[in-house]
Amino acid sequence: MTNVMTNPMPPYVLERNFELVNGQVPAKVYVAGSGEPVLYLHGADGLAWNPLLEALAGQYTVYAPEHPGAGQTDLLHLRDMWDLALYYDELLDALQLPTAAVVGHSFGGMAAAELAANSRPRVSKLVLIAPIGFWRDDAPIADLAGISPEQLIQLLVHDPSGPLAAALAPPRHDPQAMFEAAVRMASILHFIWPLPDKGLKRRLHRVAAPTLLLWGTGDKLVSPVYAEEFDSRLSDSRLELIENAGHLPHLEQPTATCERVLKFLR
Amino acid sequence: MKSIFFHFMPYRDLPDDFDKKYESIWVTPPNDELCDPNMVRQYYKWSLDELELADRLGFDGVGVNEHHQNGYGFMASPNLMAAALARRTPNNSAICVLGNTLALYSPATRVAEEMAMIDCLSDGRLVAGFPVGTSMDVNFCYGVTPTLTRPRYREAVDLITQAWTRPGPFTFNGEFNQLRYVNPWPKPLQKPHPPVWLAGGGSVETWELAGDRDWTYNYLSFFGYQLAQKVMGGFWETMDRMGIDRNPYRAGYSQQICVSETDERAEEEYLEHVMYFFNKCMHTPPWFREAPGYRTRRSSEFAIKSNQATELVRMATMEKDWKTLVDSGMIIAGSPATVADRLIEAAKTLNAGNLIALLQIGSMPHHLTEKNITLFAEEVLPRIRGQWADQGWDHRWWPNGAASRVGTLAGEPERSAR
Chain A
1 MTNVMTNPMP
11 PYVLERNFEL
21 VNGQVPAKVY
31 VAGSGEPVLY
41 LHGADGLAWN
51 PLLEALAGQY
61 TVYAPEHPGA
71 GQTDLLHLRD
81 MWDLALYYDE
91 LLDALQLPTA
101 AVVGHSFGGM
111 AAAELAANSR
121 PRVSKLVLIA
131 PIGFWRDDAP
141 IADLAGISPE
151 QLIQLLVHDP
161 SGPLAAALAP
171 PRHDPQAMFE
181 AAVRMASILH
191 FIWPLPDKGL
201 KRRLHRVAAP
211 TLLLWGTGDK
221 LVSPVYAEEF
231 DSRLSDSRLE
241 LIENAGHLPH
251 LEQPTATCER
261 VLKFLR
Chain B
267 MKSIFFHFMP
277 YRDLPDDFDK
287 KYESIWVTPP
297 NDELCDPNMV
307 RQYYKWSLDE
317 LELADRLGFD
327 GVGVNEHHQN
337 GYGFMASPNL
347 MAAALARRTP
357 NNSAICVLGN
367 TLALYSPATR
377 VAEEMAMIDC
387 LSDGRLVAGF
397 PVGTSMDVNF
407 CYGVTPTLTR
417 PRYREAVDLI
427 TQAWTRPGPF
437 TFNGEFNQLR
447 YVNPWPKPLQ
457 KPHPPVWLAG
467 GGSVETWELA
477 GDRDWTYNYL
487 SFFGYQLAQK
497 VMGGFWETMD
507 RMGIDRNPYR
517 AGYSQQICVS
527 ETDERAEEEY
537 LEHVMYFFNK
547 CMHTPPWFRE
557 APGYRTRRSS
567 EFAIKSNQAT
577 ELVRMATMEK
587 DWKTLVDSGM
597 IIAGSPATVA
607 DRLIEAAKTL
617 NAGNLIALLQ
627 IGSMPHHLTE
637 KNITLFAEEV
647 LPRIRGQWAD
657 QGWDHRWWPN
667 GAASRVGTLA
677 GEPERSAR
C-alpha cells in the first residue's frame, strides 16, 4: 500500500475552487459521481481518496472539500466552530446545493454535526463516523499534538502491525512534506485546541436530520462511549458498531462501513 | 559590551534515571514525584543570592525569564523575582526580564501594569522582554491555540505599548483583548517606556518586528554562539534589507559559560553539571517543541531551507563530552583568558553587543556558581567590557535608571558613570 496521504486523486475526480467569506477564504472541493448530493467532511488525517468516497461516488454526486487552512489561508477569518459551520453553509450555496446528505469522519463529524445543528433544513441525512466534539474525564481523547506520530498511529488503527499502520507513517525524509502535514493538522487543531469540547453539547439537540453513528469497536483514540453523548441528544439516531476497526473504520473495514452508510442513505 | 547574568532557576537534584524514566523535562514531568517545595525554597534563595552577587560584583544586568511546568526553569512569574531583585541590587544593575510571555495574558494589560510596577520599584532599571514564548509554555501548558500564538502576541505588544504611551483612559477593541477603559496605574518611570528586548528562536516575523519598532533582538538558545550564527545572520540580513544600521547593541545572545583558574580545572569542576544540563534539562520530545501551527508558513519555510531543525537535532543528539561541547561552542569554558578570547570572538562573529551569560548550569551547586560568577566578574568582565567601545555605537536600549559601567579598552582603569 502506498502512503495514504500522498495517494493522488483518481482522474475522474474533478477539482472545483471557490472564494468564500467575502473572498477571504479559498475553498477547494473534489467532486465525483452523479446523482443526489453527498457532502463528505474529512478528519484530522487530511483528505485523500478512500474506499468510502469511491463507494459514495458510485451512487451519488460526492463533494469532498478540504477543511480551510490547509494551504495559505489565514485562519483568523474563521475563529471558531460557529464560523466554520457558517463557512460550510456558504459552501453549499457556492455549490448550489439547497440540501445534501452529510457524512463526516472524526473532526469532520464534529463539523458535520455543527452544520446540521445550524442549517437544519439543508441537511437531509447525517452520518457521523467516530465524531469528536465532546470531552469525558472517564475516556480522555489523546492530545494529537502531544504524542509521537508512532503513538498516534497505534491509537488510530485496530491492527497496529497491519499494512494500514505502515501506510500512515509520516514522510520523515521529506521536511517539506512533514511541514505540509503539520499545516493540515494545524488547520484542524485551530478549532479544537486544547480539548474538542467547543459547545456542541449546547447545540446538538437542534439537529433534525436522521443520523447514523458509526464507531469502530476498537477505537482507541475516541472511545465508543462517546456515542452516548450523541445518542442522548439526537432525536433520530442509531448507533452501529464496526467490528475489527479502530478510529478509521472506512479504511480498516471498508466493505462493512460502506454497506452501512449506503444502506442508511438509501 | 553589556554582560547580563541570567538565571533559569533549575531544579538541581533531579534523579539519576530522570531521562530514562520520564518523557519530558517540560509540560508533563509529574510534580508530586519530582518537584519538592522544600527543595524549591532553597533553590529560589540560592538563585536570588546568586543574582544579587552578580549585581554587587559589577555585572551590567541581572536577568530572569518565564517558563511553566519546566524542570530546568520554574520561574513561573519572573516579575515576582524581578520585584525582589529591585529591592536588593544596590549596585544598580539593569533588571532584565526576558521576558513575559505576552500571548498568555488576557487581558495583556496585566503585563503593562506589572512591568510598570517593577520599573518604578527599581528607579527605572527595567528591560522589558517580549518573547513570543515557546510552544511548550504557550500551547501545551497554557492552552493557547497554536495558530493564534502570534496574533495574540502581536495584539498584546500593541496593547502594552499603547497602555504605556497613550494618555489613559482609552478604549482598545482587539480580537483577543476588548477593554472599554485602559488606564494603568502607574505608567512606567522610563519614557516613553522601558527598552523592549525581543527574545526569539529564529522567526522571520520577530526580526521584522525588531526592525519596525527599533527594538533589540536576542537569540536565547542553549547551543551556543556557533549555532547562533545562522539565526543572527538572518537577523542582520533582515536589518540590511530594512535599511537599518548594524549597531551591535541591537543584538544579544545567550551563552553557557564556565570559568575556572585553568582550562583543565574548568573541566574537572563543571563537566558533571553541564552533562546534567544537556542530558536531563534538554530532555524534551520533539512533539512538544513545536505544536502544528505554532510557527508560520514563512518561518517554517526559512527554517527548512536553512536546515535549522536538522542542525538543532544534530546538536541535541550528538555525543557530548567536554571536548565536543567546547569545540562546538555549546559552552565557553576554561581560564579567564580563554573565556574572554572566545567571548570576544563570539561577539564579533554575531555582531552582538549584549551577552546573556548563563553561569549557573544544570546541577551546578551554589558555591560553584558563586565561584563562576566571581571569576567572571573579576577576571573576564574587565577583558570584554571594552568590546565595541571604539566603534562609537550608542546603546539606545539600556534602561536609563541603570548604572552604565562604561567599557574601556584593555589596560585603562574602569569608570562607573550614572
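Chains as they are written, first to last, in my numbering: chain A, 1 to 266; chain B, 267 to 684. Ideal Cβ placement from N, Cα and C applies to all residues, glycine included.
Could you check if residue i is buried or exposed, using at least 16 other CB atoms within 10 Å of its CB as the buried criterion?
| i | result |
| --- | --- |
| A:Leu76 | exposed |
| A:Pro249 | buried |
| B:Thr576 | exposed |
| A:Arg68 | One point to set straight first is that residue 68 of chain A is Pro, not Arg, in the sequence displayed. Buried. |
| B:Glu332 | buried |
| A:Gly246 | buried |
| B:Asn449 | exposed |
| B:Gly365 | buried |
| A:Asp127 | The residue you asked about is not Asp; residue 127 of chain A is Val in the sequence shown. So A:Val127 ends up on the buried side. |
| A:Val225 | exposed |
| B:Phe543 | buried |
| A:Arg260 | buried |
| A:Phe134 | buried |
| B:Ser487 | buried |
Please state the DSSP three-state secondary structure of residue i.
| i | result |
| --- | --- |
| B:Asn638 | helix |
| B:Glu680 | Because B:Glu680 sits at a pLDDT of 45, beneath the cut-off of 50, its placement in the model cannot be relied upon, and the following sentence gives the value as read from the coordinates. In this structure, B:Glu680 counts as coil in the three-state DSSP scheme. |
| B:Trp292 | strand |
| B:Trp430 | helix |
| B:Arg278 | coil |
| B:Pro356 | coil |
| B:Tyr560 | coil |
| B:Val363 | strand |
| B:Glu318 | helix |
| B:Ser671 | The residue you asked about is not Ser; residue 671 of chain B is Arg in the sequence shown. Coil. |
| A:Ile147 | coil |
| B:Phe271 | strand |
| B:Val328 | strand |
| A:Asn50 | coil |
Distance cutoff 8 Å, beta carbons only. Does residue i sit that close to anything in chain A?
| i | result |
| --- | --- |
| B:Arg563 | yes |
| B:Gly440 | no |
| B:Phe554 | yes |
| B:Gly229 | Outside the modelled stretch of chain B, which goes from 267 to 684, sits residue 229 of chain B, for which no answer is possible. |
| B:Thr400 | no |
| B:Gly337 | no |
| B:Ser572 | no |
| B:Gly559 | yes |
| B:Phe568 | no |
| B:Gly619 | no |
| B:Arg684 | Confidence is the limiting factor: at B:Arg684 the pLDDT is only 41, short of 50, which leaves the residue's position unreliable, though a coordinate-based value still follows. With 8 Å as the cut-off, B:Arg684 does not count as an interface residue toward chain A. |
| B:Phe274 | no |
| B:Pro417 | yes |
| B:Gly409 | yes |
| B:Thr367 | no |
| B:Pro295 | no |
| B:Thr550 | no |
| B:Phe488 | no |
For residue i, which residues does DSSP report across the bridge?
| i | result |
| --- | --- |
| A:Lys28 | A:Asn17 |
| A:Val280 | Chain A is shown only over 1 to 266; residue 280 of chain A falls outside these bounds and no answer can be derived. |
| B:Gly600 | B:Val525 |
| A:Ala239 | Note that residue 239 of chain A is Leu in the sequence shown, not Ala. Paired residues: A:Leu213. |
| A:Gly33 | A:Thr61 |
At least one CB of chain B closer than 8 Å to the CB of residue i: is that the case?
| i | result |
| --- | --- |
| A:Pro196 | no |
| A:Pro175 | yes |
| A:Met185 | yes |
| A:Phe179 | yes |
| A:Ala182 | yes |
| A:Gly146 | yes |
| A:Trp193 | yes |
| A:Thr2 | Residue placement at A:Thr2 is poorly supported in this model, since its pLDDT is 43, which falls under 50; the coordinates are not used for a value here. |
| A:His190 | yes |
| A:Leu75 | yes |
Can you determine whether any heavy atom of the ligand NAD sits closer than 7 Å to the C-beta of residue i, and answer yes or no?
| i | result |
| --- | --- |
| A:Asp236 | Of the ligands one can find in the structure shown there are none, so the ligand NAD has no counterpart to examine. |
Inside the region 88-136 of chain A only - alpha helix (DSSP H) runs reaching at least 4 residues | 107-118
Going along the chain, which unbroken runs of the alpha helix (DSSP H) with 4 or more residues stay wholly within the region 166-226 of chain A?
-> 175-192
Length at least 3, wholly inside the region 459-542 of chain B: the beta strand (DSSP E) runs in chain order = 462-466, 482-485 and 517-525
Contained alpha helix (DSSP H) runs [length at least 4] in the region 373-447 of chain B, N- to C-terminal order = 375-387 and 415-431
Scan the region 604-665 of chain B and note each continuous beta strand (DSSP E) run of 3 residues or more that stays entirely inside, going in chain order.
-> 620-624
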